Amino acid sequence: AQSVAQPEDQVNVAEGNPLTVKCTYSVSGNPYLFWYVQYPNRGLQFLLKYITGDNLVKGSYGFEAEFNKSQTSFHLKKPSALVSDSALYFCAVRDMGSGNTPLVFGKGTRLSVIA
Amino acid sequence: SAVISQKPSRDICQRGTSLTIQCQVDSQVTMMFWYRQQPGQSLTLIATANQGSEATYESGFVIDKFPISRPNLTFSTLTVSNMSPEDSSIYLCSVVPGQGAVGYTFGSGTRLTVV
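In the order they appear, the protein sequences are chains E and A. Sequential numbering from 611 applies to the first sequence in our numbering. Sequential numbering from 462 applies to the second sequence in our numbering.
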């Protein structure tokens, strides 16, 4: 079975500081990994994905994530946080060998960037 | 990537009534997924809908409560039947656009409040 853990319900960071939102996963095979963001009263927006290749993935709005197979982690990072980054962030996974199966989501981490 | 039009964006409904949510995709897709996001929670898969066959429901979700239609490769509906306040959630549809595509696209969501 596939699963995702986001150990932090809430992350607070000062504007201009680097931010990290943590994610670990569990799949039986190799993973496809995703980060999505949800702003208040908005739908789910795709940020980035890891399929294969370079472990450092760059995505939208200056976000990046690093795939670490040995630690089964896919932490989301940004070098300098903006107040507008405040939102709910979801990590999701799918087993690479499972065909077009639905994504399994973590519980979400609420990011608050303070001016 | 695919574009999904999801309607309605929000609704307030009386308990005991039903609401049908529509998702229209701008390209043909094999699978569509329906998720529920309860207040402050993560996304939970309700069912997977393939064109030409009955939807496959996840544990805890039944067809009588959440009937799904998938009449063609670009359209699907989810009905929330005999609603109670516990059904108040955001409902989202999702697709994997295109043969061999890995990314998942989400509709903008339907925010349902049952009073």
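Glycine included, every Cβ here is placed at the ideal spot set by N, Cα and C. These numbers were taken from a predicted model, which means no experiment stands behind them.
- With respect to chain E, the C-beta atom of residue 540/A has no partner C-beta closer than 8 Å.
- The beta carbon of residue 720/E is closer than 7 Å to those of 619, 620 and 698 in its chain, skipping five residues each way along the sequence.
- The DSSP assignment places 480-486, 492-498 and 504-511 as complete runs of the beta strand (DSSP E) inside the region 475-530 of chain A, in order along the chain (cut-off: 3 residues).
- For the C-beta of residue 627/E, not a single chain A residue is nearer than 8 Å; the gap to the nearest is close to 26 Å.
- Only those residues of the region 503-514 of chain A whose C-beta falls short of 7 Å from the nearest C-beta of chain E are listed: 503, 504, 506 and 509.
- For residue 712/E, the closest Cβ of chain A is nearer than 8 Å.
- Under the three-state reduction of DSSP output, residue 674/E falls in the strand class.
- Boundaries of the beta strand (DSSP E) harbouring residue 699/E: 697-705, taken from the DSSP string.
- Spanning the alpha carbons of residue 662/E and residue 638/E requires a straight line of approximately 16 Å.
- Contact of residue 491/A with chain E is assigned, a C-beta pair being separated by under 8 Å.
- Buried is the label assigned to residue 508/A, since at least 16 other Cβ atoms lie within 10 Å of its Cβ.
- The region 545-556 of chain A makes contact with the region 496-514 of chain A: 3 or more CB pairs, one atom from each, lie closer than 8 Å.
- The C-beta of residue 717/E comes closer than 8 Å to at least one C-beta of chain A.
- Under the Cβ distance rule, residue 553/A counts among the residues neighbouring chain E, one pair being separated by less than 8 Å.
- Bridge pairing for residue 533/A: 536/A [DSSP].
- Judged by DSSP in its simplified three-state form, residue 613/E adopts strand.
- Where residue 572/A is concerned, the enclosing beta strand (DSSP E) starts and stops at 571-575.
- Counting along the chain, the unbroken beta strand (DSSP E) around residue 657/E starts and ends at 654-660.
- Scanning 651/E, 685/E and 704/E for the CA closest to the CA of residue 629/E turns up 685/E.
- If you compare the alpha carbons of 636/E, 631/E and 689/E with that of residue 705/E, the shortest gap goes to 636/E.
- Inter-segment contact for the region 666-677 of chain E and the region 507-527 of chain A is absent: fewer than three beta-carbon pairs are separated by less than 8 Å.
- Among the residues facing chain A, residue 663/E is not included, as its CB has no counterpart in that chain under 8 Å away.
- Chain A has a Cβ within less than 8 Å of the Cβ of residue 653/E.
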